[in-house]
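Input: a single structure, listed below in structure tokens.
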Amino acid sequence: MVDEGVQVESKKAAKKEAKKAEKAAKKAEHKSEKGNTEQPEAEDVSVGKYGTLPLIRSEPRSVQRTFTDASTLDRSKNNTIVWVRGRVHTSRAKGKQCFVVLRQRNFTVQVLVSVSETISKAMVKFSSNISKESIVDLEAVVKEAPSAITSCTQSHVELVASQIWVVSASVPQLPLQIEDASRPEKPEQEDGPNIRVNQDTRLDNRVLDLRTPTNQAIFRLEAGVCRLFRDALTSRGFVEIHTPKIISAASEGGANVFTVSYFKGSAYLAQSPQLYKQMAIAADFDKVFTVGAVFRAEDSNTHRHLTEFTGLDLEMAFKYHYHEVMLTIGDLFTEIFKGLRDQFSTEIDTVNQQYPAEPFTFLEPPLLLRFDEGRKLLAEAGVEVGEEDDLSTPDEKLLGRIVKSKYDTDFYILDKYPLAVRPFYTMPDPVDPKASNSYDMFMRGEEILSGAQRIHDPEFLTERAKHHNIDLSKIAAYIDAFKYGCPPHAGGGIGLERVVMLYLGLDNVRKTSMFPRDPKRVTP
Ligand code: ATP
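With our numbering applied, the sequence shown corresponds to residues -2 to 521, in that order.
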């Protein structure tokens, strides 16, 4: 009896062989490779002008060619010959012609492959058979389009192909169509195709999904936030530091922390770089920031929680008042918002075309409200928040709407949170025993930063930890960091994905995480 496993294996092998043979036949048919020794078919006038390139392995004497960016293809290049590398976005055969839309990131251009004295039928057929999403090299003449090609970004020109070579082929069956994934969520007119791609299909096939103009724009803008954050802080004398993600003890008592095996024992994934930022302050770095992964083992299946996100964290020593730090963070946001507005208008427009949103508004300097003022505004709207209570998510959203209508800003700072709702290391207010020197910052009514003056005195820190019933043995290293003198300091942690989501008015943090991690997803 043949073992089932072996049978399956041999079937697989046979299939593989058949595929190989099919490939070889195709190759022979197209006489694709340059320098191919086989004789060309007499009637194919295009031999050597199309086919599948051999695998590019960085050959010593590789071809030297100047490629043109699709974005620069316009009337000024009329009648010039260009080489362009791009993806086959769509292709459509029509009689003796094949219309290909070539895509390069956000830019598309129409390509015409048409039977002529130098272009054979076989070349047109080959072009129309190239599967969508394949990468091709194209030699073509730029021609002014007789009428605007509205379906392409480069609407005034088309490319008349003289060579077409497949550099990397896509399988023919795509799990999602880029056109479907790019379609606006709220089409203005209801008629016409309304096929969209659901979030799980997108995320399961993220490599394809990320090719949409919107995703290209989102992640370029996200890189912009990081750059603006770095630049704004560096110019203010901050030092970028890198903090460990593998830690020996959970910083806030062990809840919401991932345990990882660590040789013969176990360790944890850092929930925040806070302790390390503070140690850098105690070590006289004065002003520090870090950009890195933050892990939260929270089973929160919401539109704004991830189990791994990118933290933009900063910490700063001050002389006498934590507002020195809080206002620096406020200015930092103003600089980021201005930078996005001025440098990323194309990306913002692109995202808006698919996901329409009101432009993000902000004041300069930012609006600053005290927690009790926020409570009062909510009370006026009929929502009571206790003096020692935190704001619920709906409260925060309502307050965001009130603030927006009253002050016309999507960003504001809420200062002086109740002491009872903040962690043990938060400095209590020196006057009001129920308040603390802490603040949150909001974008479109959702929290994007939490921060505070931290207690820098080890005795007071011990007292506050005891008050919170925290096992002192577990935070000994944290308290010890302040034993040798430490400047007063404050800081905060920002969630990068939330900032981008809210700036663009998107509805889900998974849209701004390239490969999101949540309680139900750890792939791809
Ligand atoms: P939330 O109350 O929204 O769960 P948090 O109070 O736990 O947030 P902090 O620990 O103060 O948040 O973290 C600082 C910032 O980090 C938040 O303002 C937010 O921007 C971001 N952040 C926190 N938790 C998450 C998460 N699970 N996913 C994405 N971003 C997060």
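Every residue gets a Cβ at the ideal spot worked out from N, C-alpha and C, and that includes glycine. Because the structure is a prediction, the values reported are computed rather than measured.
Check whether the Cβ of residue i lies closer than 8 angstroms to any heavy atom of the ligand ATP, and answer yes or no.
i, result
"Thr304", "yes"
"Gly83", "no"
"Asp405", "no"
"Glu176", "no"
"Gly488", "no"
"Val291", "yes"
"Val519", "no"
"Glu494", "yes"
"Ser433", "no"
"Glu219", "no"
"Arg301", "yes"
"Gly308", "yes"
"Glu295", "yes"
"Ile491", "yes"
"Ile437", "Per the sequence shown, the amino acid found at residue 437 is Asp instead of Ile. True, at least one ligand heavy atom lies under 8 angstroms from that Cβ."
"Val236", "no"
"Ser389", "no"
"Val497", "no"
"Val506", "yes"
Let me check understanding here. Comparing Cα to Cα, which of the options lies closest to residue i?
i, options, result
"Gly234", "Ser269, Phe282, Pro270", "Phe282"
"Ser245", "Thr231, Ala264, Val42, Leu309", "Ala264"
"Val348", "Ile215, Arg54, Leu50", "Ile215"
"Phe315", "Thr115, Arg451, Arg224", "Arg451"
"Thr299", "Val380, Pro270, Val506, Leu309", "Val506"
"Phe64", "Arg461, Leu99, Val79, Leu70", "Val79"
"Cys149", "Asn195, Ile127, Pro210", "Pro210"
"Ile562", "Pro181, Leu200, Ala252, Lys118", "Residue 562 lies beyond the stretch modelled for the chain, which goes from -2 to 521, so this question has no answer here."
"Glu155", "Ser167, Ser68, Ser389, Asp41", "Ser68"
"Gly371", "Glu114, Thr87, Asp386, Val110", "Asp386"
"Ala417", "Pro427, Ala432, Tyr404", "Ala432"
"Asp71", "Met511, Ile146, Val519", "Ile146"
"Ile491", "Val400, Ser297, Leu205, Pro270", "Pro270"
"Lys534", "Pro172, Leu218, Asn76", "Since the first and last residues shown for the chain are -2 and 521, residue 534 lies out of range."
Could you have a look at residue i and say whether DSSP puts it in helix, strand or coil?
i, result
"Val133", "strand"
"Ala11", "For Ala11, the predicted model reports a pLDDT of 45, less than 50, meaning its position is unreliable; a value from the coordinates is still stated below. Residue state, collapsed to three classes: helix."
"Gln340", "helix"
"Ser88", "strand"
"Gln151", "coil"
"Arg224", "helix"
"Gly32", "Because Gly32 sits at a pLDDT of 41, beneath the cut-off of 50, its placement in the model cannot be relied upon, and the point is left open."
"Gly229", "The question names Gly, but residue 229 in the sequence shown is Ala. Three-state DSSP puts Ala229 in a helix."
"Tyr409", "strand"
"Tyr404", "helix"
"Asp522", "The question about residue 522 has no answer, for the chain in this structure spans -2 to 521."
"Thr423", "strand"
"Arg518", "strand"
"Met511", "coil"
"Ala21", "Because Ala21 carries a pLDDT of 47, less than 50, the predicted location of this residue cannot be relied on, and no value is offered for it."
"Arg372", "helix"
"Pro37", "Caution applies to Pro37, whose pLDDT of 49 falls short of 50 and renders its modelled position unreliable; the value that the coordinates give is listed next. It is coil, neither helix nor strand."
"Thr115", "coil"
"Val382", "coil"
"Glu26", "Legend: pLDDT at Glu26 = 48, less than 50; position of this residue unreliable, value from coordinates given subsequently. Here Glu26 sits in helix by DSSP."
"Ala354", "coil"
"Gly489", "strand"
"Gly327", "helix"
"Val428", "coil"
"Leu433", "Before going further, note that residue 433 is Ser rather than Leu in the sequence given. Ser433 falls in the strand class under three-state DSSP."
"Leu365", "strand"
"Arg100", "strand"
"Leu218", "helix"
"Lys140", "strand"
"Ile238", "coil"
Can you check whether the CB of residue j is closer than 9 angstroms to the CB of residue i?
i, j, result
"Arg367", "Lys335", "no"
"Leu329", "Ala220", "no"
"Val164", "Ser131", "yes"
"Arg100", "Arg84", "yes"
"His465", "Phe408", "no"
"Tyr352", "Asp504", "yes"
"Ala449", "Gly397", "no"
"Ile445", "Leu499", "yes"
"Glu305", "Ala290", "yes"
"Pro485", "Ile410", "no"
"Val288", "Phe359", "no"
Would the C-beta of residue i count as close to the ligand GDP, meaning under 8 angstroms from any of its heavy atoms?
i, result
"Glu444", "Here the bound small molecules are the ligand ATP; the ligand GDP is not part of this structure."
At which residue ranges does the region 245 to 319 contain complete alpha helix (DSSP H) runs of 4 or more residues, listed in the order of the chain? If we require 4 residues or more, the alpha helix (DSSP H) runs fully inside the region 245 to 319 come out as 271 to 279.
In chain order, which alpha helix (DSSP H) runs of at least 4 residues are fully inside the region 161 to 215? Runs found: 175 to 178, 196 to 201, 203 to 206.
Ignoring anything shorter than 3 residues, give me the beta strand (DSSP E) runs that lie fully in the region 39 to 86, in order along the chain. Counting only runs of 3 or more residues that sit fully inside the region 39 to 86, the beta strand (DSSP E) segments are 47 to 49, in chain order.
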